[in-house]
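Number of protein chains: 2
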Amino acid sequence: MTANNVNKNITVFDVARQAGVSKSTVSLVLTESDKVSEKSKEKVLKAIDELGYVYNRDAAALRSRRSNLVGVVINDLTNPYSAQLAVGLERHIRSLGYMSVLVNSGEDLTTQKQLVQQLKEYRLAALVICPTPGTDAQWLNQQIDAGIPVIQIMREVVGARAPLVIPDNVKGTSLVTQHLLDQGYRHLAFIGGNESISDFHERLAGFDRTLLKAQLTNLQITRIQAPTNRHGGRQAIQQALQSDPNLQAIVCFNDVIAYGAIEQLHALGRIPGKDIAVAGFDDLEDSCRMSPALTTVHIDADKIGQAVCRLLGNKKEAVASEGRILVDVEFIPRSSG
Amino acid sequence: MTANNVNKNITVFDVARQAGVSKSTVSLVLTESDKVSEKSKEKVLKAIDELGYVYNRDAAALRSRRSNLVGVVINDLTNPYSAQLAVGLERHIRSLGYMSVLVNSGEDLTTQKQLVQQLKEYRLAALVICPTPGTDAQWLNQQIDAGIPVIQIMREVVGARAPLVIPDNVKGTSLVTQHLLDQGYRHLAFIGGNESISDFHERLAGFDRTLLKAQLTNLQITRIQAPTNRHGGRQAIQQALQSDPNLQAIVCFNDVIAYGAIEQLHALGRIPGKDIAVAGFDDLEDSCRMSPALTTVHIDADKIGQAVCRLLGNKKEAVASEGRILVDVEFIPRSSG
DNA sequence: GGCCAGTTTTGTATCCATCAACATCACCCC
DNA sequence: GGGGTGATGTTGATGGATACAAAACTGGCC
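If you read the protein sequences in the order shown, they are chains Y and F. Using this note's numbering, read the first sequence as starting at 26 and increasing by one per residue. Using this note's numbering, read the second sequence as starting at 26 and increasing by one per residue.
Shown next as structure tokens:
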């Protein structure tokens, strides 16, 4: 009653008293409203600093019926590209004043469902999801109907009413394939990936269409699916060589597959980039530094982050105006192919 | 006033009415208290299901003055071991009923500070941090004093009053070094890492002490620090070979450094595991599958997760009883050394 | 002084689950 | 029968910020 209560938290009320304004004004400053004069704002900020006040997000979220958390569901954080993407997304989301809650579905449908169910309890500002194979459009639409703004990235769930941010996969593999054809290679393979994800179809389509358009008669083409990790790459190239011993060039579903392929070629005593051309997709940080440096397609994780932020910022408008953002990619020829 | 208000959220009150109990009882069920009869519990769960009630964490956190969020600050998510660790941690933390908020400091001190400041606004249940080099013990202690239970992992900030979970680094490199000595190698190098982090000192200590204990007179030892990525490994081995052209065996600070070293050796036409032995530390997923398979030290990310959870569970007791949990490591000899 | 339109500020109700303290109940013991 | 004991259940106040509407300023002008 008399002594200053040590155990009590400092609230907007204390700040208001210290600054000589009402708590509403403090709240306006905290939410960066422009309806507050420079003078009041300064007084409030000074008081906040003096008291060491810490904003209470729980109380804010309770009243405003929405937190500033953005759920980010990544399919597989142990995949280097996903990690790179997650880091970029997190930074961008934070720069918008949101906090990202990064979770990993591990490509497991049940885990993904549980995660989203749990995330809902936080009244997310938005949900960014790189959907696991087999994700149900109806389920995703349910989440949207429940009031969560959903943004799909990297992979498309057909029929979902959520805006989408993906790299231009078709363009990427088209450029790679054309490059290899231009060098005179006619025995080509596409290895890695899995038909249950949309980007596989797109990347393969870029490959196939380019071959078709070239109208060459002496082509020999091999296609091998494989798990998206190094080991998958190793196995796939083994299979591809079995199916076509005169293989000249390999388009890999992504860089990790390419890493595996290159390792396996080394082990077989064949020199990648010389005996056989290898190209990837993603342009991981290591790809430019390995030997041989990997020919690949650069996806700018930063641009993906920016696109997601554009959608986050737009809120309403976004869904209607930009249902699908295609992020440009860049072909990077290096010594491996 | 009369019609059912469509826009209104379903709350514990609605559930209580549907189940024919009070809202406190519903709350008890939600917090999994054992002070509620099986019969009431069933009624409540049925009502929750029927109404499609979603728990509101914000309200809960506001009243209970603590959220169920656990902040996880990782130093560098693009490092594969960190990613592996983060995934393991996240899974464990979730299994305890908490939600992990994964953020990436990118080894940047200012970012780390900002992140923690932001995380504080959520009244974290705990903060798990893999501290960036240069982290100030006093700053960390301030956070603890502010009421956040802090757990350090992988790296130690000397003077911080936070419990610590680290792998047995000394044992790891000791075993590696002894193994190399046993094979008769006398020209050894330790490459990679940086003296501003505690694990570097520990791993180097394991190396040095083992050499000392061996009491050999014909040793030639090289030590090269380098950034912890593949490129660092490539550069470091280049330097090491310059300093000792007859190098026989290399102890790498971690697997990523070893990957770089192996690549560079390949490029120089020297066969790792045959011309020169290479060993790593971490045992990344790829390490057992590459060629040559990498001799390394296995750190079980799961065990780290378990140890962290033990600390999370204990609350009070933990800090006193288990200030420092040393997670056992396992030496894995393979063909690279 | 009074009035206007626009900008700032303030008072009050509200968001929803939890806590503390208090009822209730069945059961048993002396 | 009085009252103790332990398990369940309930009431009412509470946590800290924001939404909303109403009030209090602005400065200019009749």
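By construction, the Cβ of each residue, glycine as well, lies at the ideal position given by its N, Cα and C atoms. Keep in mind it's a predicted model, so treat the numbers as computed, not measured.
Expected contact under 8 angstroms - CB spacing of residue i and residue j to nearest Å
i	j	result
I18/F	V303/F	This structure does not reach residue 18/F, given that chain F is present from 26 up to 362, and the question cannot be answered.
I246/Y	I275/Y	In fact, because the Cβ distance is near 11 angstroms, the residues do not count as touching under 8 angstroms.
A187/Y	I169/Y	6 angstroms
V322/F	F356/F	6 angstroms
L189/F	G348/F	7 angstroms
R148/Y	Y147/F	Rounded, the Cβ-Cβ distance is 13 angstroms, inconsistent with contact.
Q109/F	T103/Y	6 angstroms
Q273/Y	L213/Y	7 angstroms
C334/Y	I118/Y	7 angstroms
T253/F	G217/F	6 angstroms
Spatially closest choice to residue i from the options, by CA coordinates
i	options	result
V79/Y	A332/Y, F38/Y, V190/Y, A286/Y	F38/Y
A85/F	I99/F, E63/F, L70/F, L55/F	L55/F
Q203/F	Y147/F, G113/F, S89/F, G231/F	G231/F
P317/Y	V97/Y, S361/Y, T103/Y, S89/Y	S361/Y
L70/Y	G330/Y, E57/Y, A251/Y	E57/Y
L266/Y	I282/Y, H256/Y, R255/Y, I249/Y	I249/Y
Q177/Y	V354/Y, L336/Y, Q208/Y, P358/Y	L336/Y
N219/F	L229/F, H212/F, Y210/F	L229/F
E310/Y	K66/F, G285/F, L200/F, E227/F	G285/F
M105/Y	R255/Y, T235/Y, V182/Y	According to the sequence as given, residue 105/Y is Pro; it is not Met. If we check each option's Cα against that of P105/Y, R255/Y comes out closest.
V126/Y	S47/F, S120/F, V95/F, L121/F	V95/F
L53/Y	A72/Y, L237/Y, K66/Y	K66/Y
T160/Y	I73/Y, T135/Y, G172/Y, I282/Y	T135/Y
I73/Y	N34/Y, I99/Y, K60/Y	N34/Y
I191/F	C155/F, A185/F, A214/F, T253/F	C155/F
N129/Y	L114/F, S130/F, R90/F, L205/F	L114/F
R90/Y	G172/Y, K68/Y, L121/Y, E132/Y	G172/Y
V183/F	I282/F, V175/F, P174/F, A162/F	A162/F
G209/F	I287/F, L244/F, L76/F	L244/F
S221/Y	T50/Y, D133/Y, D307/Y, V354/Y	D133/Y
H226/Y	N271/Y, H291/Y, D193/Y	D193/Y
G45/Y	T36/Y, E63/Y, K68/Y, K60/Y	K68/Y
Beta-ladder partner(s) of residue i, from DSSP
i	result
L351/F	I191/F
H323/Y	D307/Y, E355/Y
I35/Y	In DSSP, I35/Y forms no bridge with anything.
Extent of the continuous beta strand (DSSP E) run through residue i
i	result
L94/Y	94 to 99
A162/Y	Segment 162 to 170 is the alpha helix (DSSP H) holding A162/Y; no beta strand (DSSP E) there.
R248/F	245 to 249
F215/Y	212 to 216
Q260/Y	Taken as a continuous stretch (DSSP letters only), Q260/Y belongs to no beta strand (DSSP E), being part of the alpha helix (DSSP H) at 255 to 268.
V126/Y	124 to 129
L152/F	151 to 154
Coarse secondary structure for residue i, derived from DSSP in three states
i	result
C15/Y	Here chain Y covers residues 26 to 362 and nothing more, so residue 15/Y does not appear.
C277/Y	strand
G113/Y	helix
A345/Y	Low confidence applies to A345/Y: its pLDDT is 49, below 50, so where it sits in the model is not reliable, and the reading given next is rough at best. Three-state result, A345/Y: helix.
P358/F	coil
Q177/Y	strand
I25/F	The structure shown does not extend to residue 25/F, since chain F spans only 26 to 362, so no value can be given for it.
I3/F	Residue coverage of chain F in this structure runs from 26 to 362, which leaves residue 3/F outside it and unanswerable.
I73/Y	helix
A302/Y	strand
S316/Y	coil
Q43/Y	helix
Q289/Y	helix
S58/Y	coil
T202/Y	helix
N219/Y	coil
N104/F	coil
R366/F	Examination of residue 366/F is not possible in this model, given that chain F is present from 26 through 362 alone.
G184/Y	coil
N339/Y	helix
G209/F	coil
Start-to-end residues for the alpha helix (DSSP H) that takes in residue i
i	result
S52/F	48 to 55
D233/F	223 to 239
Q137/Y	134 to 145
R82/Y	82 to 89
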